[in-house]
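Colleague: Residue numbers (full-length UniProt numbering), protein chains in the order written: chain A, 1 to 430; chain B, 1 to 430.
1. So is residue 213(A) in contact with chain B if we call contact Cβ pairs under 8 Å?
2. Less than 8 Å between C-beta atoms, sequence neighbours within five positions excluded: which residues of the same chain meet that for residue 430(A)?
3. Do the CB positions of residue 217(A) and residue 54(A) come within less than 8 Å of each other?
4. If you draw a straight line from the alpha carbon of residue 385(A) to that of residue 221(A), how long is it in whole angstroms?
5. What residue ranges within the stretch 188-257 of chain A form continuous alpha helix (DSSP H) runs of no fewer than 4 residues, ordered along the chain?
6. How would you label residue 422(A), buried or exposed, when you count the other beta carbons within 10 angstroms and need 16 or more for buried?
7. For residue 104(B), count neighbouring C-beta atoms within 10 Å of its own C-beta (all shown protein chains included) and say buried if the count is 16 or more, exposed if not.
8. What residue range does the alpha helix (DSSP H) around residue 183(A) cover?
9. Can you tell me whether residue 48(A) is helix, strand or coil according to DSSP?
10. Only counting the same chain, and skipping five residues up and downstream in sequence, which positions put a Cβ closer than 8 Å to that of residue 375(B)?
11. In chain B, which residues lie with their C-beta within 7 Å of the C-beta of residue 421(A)?
12. My parser needs the beta strand (DSSP E) runs of 3 or more residues fully inside the stretch 17-102 of chain B; what are they?
13. At a Cβ threshold of 8 Å, is residue 358(A) touching chain B?
14. Rounded to whole angstroms, what is the Cα-Cα separation between residue 445(B) and residue 250(B)?
15. In chain B, which residues lie with their C-beta within 8 Å of the C-beta of residue 334(A)?
16. Determine which residues of the stretch 297-313 of chain B have a Cβ less than 8 Å from any Cβ of chain A, and write them out in chain order.
17. Where does residue 164(A) fall in DSSP's three states?
18. Would you tell me roughly how many angstroms separate the C-alpha atoms of residue 171(A) and residue 336(B), rounded to the nearest one?
19. May I have the straight-line CA-CA distance separating residue 158(A) from residue 314(A), to the nearest angstrom?
20. Pull up the DSSP beta-bridge partners for residue 289(B), would you.
21. Where residue 395(B) and residue 233(B) are concerned, what is the direct C-alpha to C-alpha distance, given to the nearest angstrom?
22. Please confirm whether residue 306(A) and residue 286(A) have their CB atoms less than 8 Å apart.
23. Can you find a CB in chain B that lies within less than 8 Å of the CB of residue 130(A)?
24. Among 75(A), 358(A) and 64(A), which one has its Cα closest to the Cα of residue 451(A)?
25. Using only CA atoms, which one of 88(B), 194(B), 155(B) and 23(B) lies nearest to residue 45(B)?
26. Report all residues from its chain with a CB closer than 7 Å to the CB of residue 143(A); omit the five preceding and five following residues, and keep chain order.
27. Check the Cβ-Cβ distances between residue 365(B) and every residue of chain A, and say whether any is below 8 Å.
28. Would residue 188(A) pass as a contact of residue 42(A) if the rule is Cβ separation under 8 Å?
29. Rounding to the nearest angstrom, what Cα-Cα distance links residue 420(B) and residue 109(B) in this structure?
30. For chain A, is any of its Cβ atoms less than 8 Å away from the one on residue 411(B)?
31. What are the boundary residues of the beta strand (DSSP E) that includes residue 373(B)?
32. How big is the Cα-Cα spacing for residue 412(B) and residue 150(A)?
33. Could you tell me whether the Cβ atoms of residue 66(B) and residue 40(B) are closer together than 8 Å?
34. If you count every other CB in all the chains shown that lies within 10 Å of the CB of residue 410(A), and 16 or more means buried, which is it?
35. Give me the subset of the stretch 182-213 of chain B whose CB atoms are less than 9 Å from a CB atom of chain A, sorted by chain position.
36. Using DSSP with H/G/I as helix, E/B as strand and the rest coil, what is residue 419(A)?
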């Protein structure tokens, strides 16, 4: 087993008998997850289903982008960029074009800044949207299209790749008319579960990372966490869902995802979307927040230790980050760090993690440690799948549908009405 | 009055009579705030107290840094970097060296990456710590000192500035021995209230921003929000504190600070520390979290709309961000954006803000809009002071001391014990 749940700092918050009581409910959740019911559950078998043909096509497009571009503009919002961003933050050794994400807001200052960074540099574009009609990416794509046509004229088409619906939608149609490169988002995979489709794979490969290792890690995870149908309490993905459910029923209402490595910060944002959209409905769900440690121990730390006792914490721990930095030996001990001289920063940082988990636990905050072996693509693939599966189980334990997101539509309806979009001028939003 | 509280989306959550009931409590909070009691309250009169001599000294050092360095390494944790980071994110038009923050964690991969970015570039250093003994910045400073001495030998001292205690501490002592440049952190100003001291001013000036305009905005705020002793319910800083207190007493437990401009993301992190450390004690306080909109409407949006009804929201709105980008006119209406052609992105983005506030309010989330006039140094100075003052009032309304942070020590004691630091080998942390 690659990921390890360390439950020492759950002691007193989650008991064995409480966990045992979940045996039947976890089995029922697994049964629901494995039963086709029209919900987008394709992500569950995606790692083992993804074939050579798709990976080769992604790698070929990625190679072209790497050869021809200094900047890759990735246009998408929510699940259309958070997975790739998580991977680009996480994985060391990028050697492709600089990847800039846009179309995830409508801030003129942000859009201007991205466009100005394109000056004098060769550009490629990957626009990612199931429909093509979401306002944020559509506006950004208009601005980028104008730039591309001005810069490259009829050659622009060779530099644009769309990742979109297999059969319908505005973007699909534009793509066919203009002859842009095209990848498909499987219909049975929702946005926040799509990182292992071309949605995530193309930007990750273009940046120079090994998508085969990523998929290999996800396949390992599928075999470890999804396939076994017994001992679900010993299956870390199911067990983690049971732990969160127990904590939620005991009155915890905020789940703080934390890590002691900034390279995991994009992964925390991905987790916030995954859990927020999957479980935040019907007045339920833990509110997902993130913290970057030890940085935020001098920011949120006081609150975690002594504020309202509504928090639980999930901390990502890495057994080896592959970085051998040590505390330098100085001539003097003016700074009082003599006792650390020559010791590995990695070791000190993990000691800080354990020390903090203990302090928070003492202060009334249960902490689940998820220990991953390394900082590499295989581990990341496993982490993606582990949390996707566990989150889906969490949704079923809460008694909600983890695969819809009805609440995302409401701001859009108000916005279209206020913007005067044809068909939205009534009072339907009130 | 420069900042405006827009309370339309508090309707039904906060009533006039509830606010009226705060008259006496706000007066009592103001009385406590203005009474010297040994707590670090110097930030309250800092804008009007700061003299020409200090500003000139900061500007002179900043000029030297700008002339001699391609990179400014700012070493500090918590309040020693969050204010400067907020300003550097917020203010347009930086023209100084690239500013890299380190010493806010012990991640070997992060430290390695920062050090590797220094290769082949001229470096200056600003190390910021009251004592010099906090582990995170002390380790980073050791690594940086080794690099500086290797790179510059005896000339290194000319490139190092310390911002530290006026009289004591390890860093003060090293600074005197080595002849580094020196600025002082006033003893009566705590870390999270220190952005308008040299802690924030030196990095902000070095990056090329106008610290006189920043201080001018803060002075305006001091005169508007701190000096008047009557009609406190009409004083936005006091009124905002009353609103948060009412929401907290009605069962809201998470305060989500949001903005529709990525340039405000550093300010949100600064707010999280300010409120988290000031109000998160004795089992009290709203848990401070942040969101970046409209980005996170496709991430946290579902939760905000339909998850547990424990959220309230404070949204920073900017009347004018000084960016004239418009939606380009395309030949066709393939993408369905024809109805937006030629319209200002700034206008569309503010409409999204209002549409979303309405949707969240409809969904049971009270939203306070704080409208600032512009994106400039003066406005930022006013925002810093407004929130410092309001947060202190919030602490008094909660019945806690807003100026201490006892909970920050607990992870340190555990860590020193696990690291075997002399004097910490006992069991005092359990």
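Yeah, the Cβ is synthetic: ideal placement off N, Cα and C, and Gly gets one too.
Modeller: Reading off the structure:
1. Walking along the first chain from the start, residue 213(A) turns up at place 213. So, not an interface residue.
2. Walking along the first chain from the start, residue 430(A) turns up at place 430. Its pLDDT being 38, under 50, residue 430(A) is placed unreliably in this model, and the value from its coordinates should be taken loosely. There are no such residues.
3. Along the first chain, one-based indexing puts residue 217(A) at 217. Along the first chain, one-based indexing puts residue 54(A) at 54. No; because the gap between Cβ atoms is not below 8 Å, this pair is not in contact.
4. On the first chain, residue 385(A) is found 385 positions in, with the first residue counted as 1. On the first chain, residue 221(A) is found 221 positions in, with the first residue counted as 1. Going from the Cα of residue 385(A) to the Cα of residue 221(A) covers about 6 Å.
5. Note on the stretch 188-257 of chain A: whole alpha helix (DSSP H) runs with a minimum of 4 residues are 198-206, 211-221 and 236-249, in chain order.
6. Residue mapping note: residue 422(A) aligns to position 422 of the first chain, counting from 1. It is exposed - the Cβ of residue 422(A) has fewer than 16 other Cβ atoms within 10 Å.
7. Position 104 of the second chain, counted from the start, is the residue given in the question as residue 104(B). So residue 104(B) counts as buried.
8. Counting from one through the first chain, the residue named residue 183(A) turns up at place 183. Where residue 183(A) is concerned, there is no enclosing alpha helix (DSSP H), although the beta strand (DSSP E) around it starts and stops at 181-184.
9. Working through the first chain from its first residue, we reach residue 48(A) at position 48. In this structure, residue 48(A) counts as helix in the three-state DSSP scheme.
10. Along the second chain, one-based indexing puts residue 375(B) at 375. Within the same chain, residue 375(B) has close Cβ partners 90, 91, 92, 261, 263, 318, 320, 321 and 322.
11. Taking the first chain and counting its residues from 1, one reaches residue 421(A) at position 421. Those are 339, listed as they occur along chain B.
12. 71-75 and 98-102
13. Start at 1 with the first residue of the first chain, and residue 358(A) comes out as number 358. Closer than 8 Å: yes.
14. No information on residue 445(B) is available, as it lies outside the stretch 1 to 430 that chain B covers here.
15. Here residue 334(A) is taken as the residue at index 334 of the first chain, counted from 1. Ordered by position in chain B, the residues that pass the 8 Å Cβ test against residue 334(A) are 170, 173, 174 and 177.
16. 297, 298, 299, 300, 301, 302, 303, 304, 305, 306, 307, 308, 309, 310 and 311
17. If you number the first chain from 1, residue 164(A) lands on position 164. If DSSP states are grouped into helix, strand and coil, residue 164(A) belongs with the strands.
18. In the first chain, residue 171(A) corresponds to position 171, counting from 1. In the second chain, residue 336(B) corresponds to position 336, counting from 1. Each residue's Cα considered, the two are about 10 Å apart.
19. The residue given as residue 158(A) occupies position 158 in the first chain. The residue given as residue 314(A) occupies position 314 in the first chain. When rounded, the distance between both Cα atoms is 44 Å.
20. In the second chain, residue 289(B) corresponds to position 289, counting from 1. BP columns for residue 289(B) point to 256(B).
21. The count along the second chain starts at 1 and reaches residue 395(B) at position 395. The count along the second chain starts at 1 and reaches residue 233(B) at position 233. Distance between the alpha carbons of residue 395(B) and residue 233(B): 17 Å.
22. Numbered from 1 along the first chain, position 306 holds the residue referred to as residue 306(A). Numbered from 1 along the first chain, position 286 holds the residue referred to as residue 286(A). No.
23. Taking the first chain and counting its residues from 1, the one referred to as residue 130(A) is at position 130. Judged by the 8 Å Cβ criterion, residue 130(A) is not in contact with chain B.
24. Any property of residue 451(A) remains undetermined from this structure, which presents chain A solely from 1 to 430.
25. Numbered from its first residue, the second chain carries residue 45(B) at position 45. Ranking 88(B), 194(B), 155(B) and 23(B) by Cα distance to residue 45(B) puts 194(B) first.
26. Here the question's residue 143(A) lines up with position 143 in the first chain. The answer, listed in chain order, is 111 and 115.
27. As a first step, residue 365(B) must be located in the second chain, where it is residue number 365. By this cut-off, residue 365(B) is not an interface position.
28. As a position in the first chain, residue 188(A) is number 188, starting the count at 1. As a position in the first chain, residue 42(A) is number 42, starting the count at 1. Yes, Cβ-Cβ distance for residue 188(A) and residue 42(A) is below 8 Å.
29. Numbered from 1 along the second chain, position 420 holds the residue referred to as residue 420(B). Numbered from 1 along the second chain, position 109 holds the residue referred to as residue 109(B). Whole-angstrom Cα-Cα distance: 24 Å.
30. Taking the second chain and counting its residues from 1, the one referred to as residue 411(B) is at position 411. Answer yes: the Cβ-Cβ gap between residue 411(B) and chain A drops below 8 Å somewhere.
31. Walking along the second chain from the start, residue 373(B) turns up at place 373. Segment 367-374, the beta strand (DSSP E) holding residue 373(B).
32. For the purposes of this step, residue 412(B) is identified with residue 412 of the second chain, where counting begins at 1. For the purposes of this step, residue 150(A) is identified with residue 150 of the first chain, where counting begins at 1. Whole-angstrom Cα-Cα distance: 57 Å.
33. The residue labelled residue 66(B) in the question sits at position 66 within the second chain. The residue labelled residue 40(B) in the question sits at position 40 within the second chain. It is not a contact, given that the beta carbons lie outside the stated cut-off.
34. Here residue 410(A) refers to the residue found at position 410 when the first chain is read from its first residue. By the 10 Å Cβ count, residue 410(A) comes out buried.
35. 191 and 192
36. If you number the first chain from 1, residue 419(A) lands on position 419. Helix at residue 419(A).
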